[in-house]
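Number of protein chains: 2
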Amino acid sequence: MEEKSISDVIEEYLKQILGNSSQIEISRSAIANHFDVVPSQINYVIKTRFTIQHGYLVQSKRGGGGYIRIERVNLLDDLDVLDTLIQAIGNSISERDAYDVISTLYNEKVISRREGDLMLVALSKQTLAVGNRNAEAQLRARLLVAMLNRLRYES
Amino acid sequence: MEEKSISDVIEEYLKQILGNSSQIEISRSAIANHFDVVPSQINYVIKTRFTIQHGYLVQSKRGGGGYIRIERVNLLDDLDVLDTLIQAIGNSISERDAYDVISTLYNEKVISRREGDLMLVALSKQTLAVGNRNAEAQLRARLLVAMLNRLRYES
DNA sequence: TAAAATTTGGTCAAGATTAGTCAGATAATG
DNA sequence: CATTATCTGACTAATCTTGACCAAATTTTA
Numbered sequence: 000m001e002e003k004s005i006s007d008v009i010e011e012y013l014k015q016i017l018g019n020s021s022q023i024e025i026s027r028s029a030i031a032n033h034f035d036v037v038p039s040q041i042n043y044v045i046k047t048r049f050t051i052q053h054g055y056l057v058q059s060k061r062g063g064g065g066y067i068r069i070e071r072v073n074l075l076d077d078l079d080v081l082d083t084l085i086q087a088i089g090n091s092i093s094e095r096d097a098y099d100v101i102s103t104l105y106n107e108k109v110i111s112r113r114e115g116d117l118m119l120v121a122l123s124k125q126t127l128a129v130g131n132r133n134a135e136a137q138l139r140a141r142l143l144v145a146m147l148n149r150l151r152y153e154s
Numbered sequence: 000m001e002e003k004s005i006s007d008v009i010e011e012y013l014k015q016i017l018g019n020s021s022q023i024e025i026s027r028s029a030i031a032n033h034f035d036v037v038p039s040q041i042n043y044v045i046k047t048r049f050t051i052q053h054g055y056l057v058q059s060k061r062g063g064g065g066y067i068r069i070e071r072v073n074l075l076d077d078l079d080v081l082d083t084l085i086q087a088i089g090n091s092i093s094e095r096d097a098y099d100v101i102s103t104l105y106n107e108k109v110i111s112r113r114e115g116d117l118m119l120v121a122l123s124k125q126t127l128a129v130g131n132r133n134a135e136a137q138l139r140a141r142l143l144v145a146m147l148n149r150l151r152y153e154s
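These protein sequence lines map, in sequence, to chains R and F.
If you read the first sequence in the numbering used here, its first letter stands for residue 0, the second for the next number, and so on.
If you read the second sequence in the numbering used here, its first letter stands for residue 0, the second for the next number, and so on.
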């Protein structure tokens, strides 16, 4: 930690202009130019320092008038349930087990009835309709884990 | 804080003159002239920002006295529009179009912010992570239509 | 009134502008 | 020395802009 890498400097710069605002929009090439690095370095900084685990959401648009938007979000704690459930899900889960997971969330008042219903249809065998059985269970797990992770924060 | 593309500016302009009215009629060449762009740019703006997924219907007429009519439709008051929306989704939809659909549903207060967020992660490219591109868009369409139908036949 | 001219809008593809990905090169760390 | 972090650049993808050519509706002309 003696010498700061240019990535560290860019990180600080971005956080500084973020300041009190909840979000900023930057031009990748402009920032890259400002620090005299290749554009993809900005992607590196974002990927390693502005992740959701760090409390940031990043969106972008290409083409003319393109931008990278960095938004600070509130991480919701006291949701240990999520960790436990996500661990239990692993990389594959059946429709029945998914139903149980969602029931738990509902009972723990982490989600509403409607939210649970939405999640259930999305995870149903009929909706996924993947030929392969294992592939279906794996896709279901990805979907469920992604949704659970989304519950960790709010914009 | 950013350079908006001219398309963004035209979009805002149209929405502004739309104001409270349910519809407007514009002259393609007049708008193009006003912003000093080629006429087909107006078609581009309409095709990318005033689709049914965004909650707009567009009709036009050529020849003398021709026009382009943009109408804002209300999902809550008009169940047919929800049908149209589902129909427009068909059996395949991109992440971006799905985002537009969900934004519209949120703006029309058909779904809550959290519900929309949950739907969005479920439909994201990263979550679906299907190798094949078409397969991914088809799966996304199944998921979205299933969730929309769930919302409709529920309450 | 039929044909021609004029006035609108539509389509599509090429080119311009941004940003994203990924794998290899280089540097820092333990 | 091995591993991890950082940096770079070639290639890819998404979005916007422009213009040539097409189609439809109306108006003018013969």
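Beta carbons are placed, not taken as given, at the ideal position from N, Cα and C, and that holds for glycine.
Give me the residue from the options with the minimum Cα distance to residue i.
i               : options                          : result
G89 of chain R  : R:V72, R:H53, R:S102 and R:A136  : R:A136
H53 of chain F  : F:L104, F:L142 and F:I30         : F:L104
S156 of chain F : R:S20, R:A29 and R:R61           : This structure does not reach residue 156 of chain F, given that chain F is present from 0 up to 154, and the question cannot be answered.
S154 of chain R : F:A145, F:I51 and F:G115         : F:G115
L84 of chain F  : F:M146, F:Q125, F:I30 and F:V44  : F:M146
R141 of chain R : F:K108, F:V8 and F:T126          : F:T126
R151 of chain F : F:D79, F:R132 and F:N106         : F:D79
N133 of chain R : R:R113, R:V109, R:I92 and R:V100 : R:I92
V144 of chain F : F:A87, F:V109 and F:K108         : F:A87
R48 of chain F  : F:N73, F:D76 and F:S102          : F:S102
R71 of chain R  : R:P38, R:G63, R:V44 and R:L56    : R:L56
S28 of chain F  : F:V8, F:I51, F:Q15 and F:G63     : F:G63
E94 of chain R  : R:K14, R:N73, R:K124 and R:D76   : R:K124
D96 of chain R  : R:R113, R:I41, R:Q40 and R:R139  : R:R139
R155 of chain F : R:R149, R:Q15 and R:P38          : Residue numbering for chain F in the displayed model covers 0 to 154; residue 155 of chain F lies beyond these limits and cannot be assessed.
Y43 of chain F  : F:N73, F:G18, F:I51 and F:S6     : F:S6
I30 of chain R  : R:G18, R:V8, R:L75 and R:D99     : R:V8
I51 of chain R  : R:L75, R:G130 and R:I41          : R:L75
Q40 of chain F  : F:G18, F:K108, F:E10 and F:Q58   : F:E10
Y98 of chain F  : R:K14, R:Q58, R:G18 and R:L81    : R:Q58
For residue i, which beta-bridge partners are listed by DSSP?
i               : result
E94 of chain R  : The partner list for E94 of chain R (beta bridge, DSSP) is empty, contrary to what the question assumes.
Y55 of chain R  : R:R71
I25 of chain R  : R:I67
K155 of chain R : Absent from the structure is residue 155 of chain R, since the part of chain R shown begins at 0 and ends at 154.
Y152 of chain F : Answer is none; Y152 of chain F lacks a bridge partner.
Which chain R residues sit within Cβ distance under 7 angstroms of residue i?
i               : result
R141 of chain F : T126 and A128
Can you pull the chain R residues whose beta carbon is under 9 angstroms from the beta carbon of residue i, in chain order?
i             : result
K3 of chain F : G64
D7 of chain F : G64
In chain F, what lies closer than 8 angstroms to residue i by C-beta?
i               : result
L117 of chain R : E114, L117, M118, M146, R149 and L150
How would you list, in chain order, the residues of chain F whose beta-carbon sits under 9 angstroms from the beta-carbon of residue i?
i              : result
A97 of chain R : Correct list: empty, because the minimum Cβ distance to chain F is about 12 angstroms.
Could you work out which residues of chain F lie near residue i, taking near to mean beta carbons separated by less than 7 angstroms?
i               : result
A121 of chain R : A121, L142, A145 and M146
Are the region 21–34 of chain F and the region 116–134 of chain R touching by the rule of at least three beta carbon pairs closer than 8 angstroms?
no
Does the contact criterion of 3 or more C-beta pairs under 8 angstroms hold for the region 19–29 of chain F versus the region 64–73 of chain F?
yes
Where in the region 2–47 of chain R do unbroken runs of the alpha helix (DSSP H), each at least 4 residues long, occur, reported from the N-terminal end onward?
5–17 and 27–33
Taking only runs of the alpha helix (DSSP H) that begin and end inside the region 85–144 of chain R, which ones reach a length of at least 4 residues, in chain order?
94–106, 112–122 and 124–127
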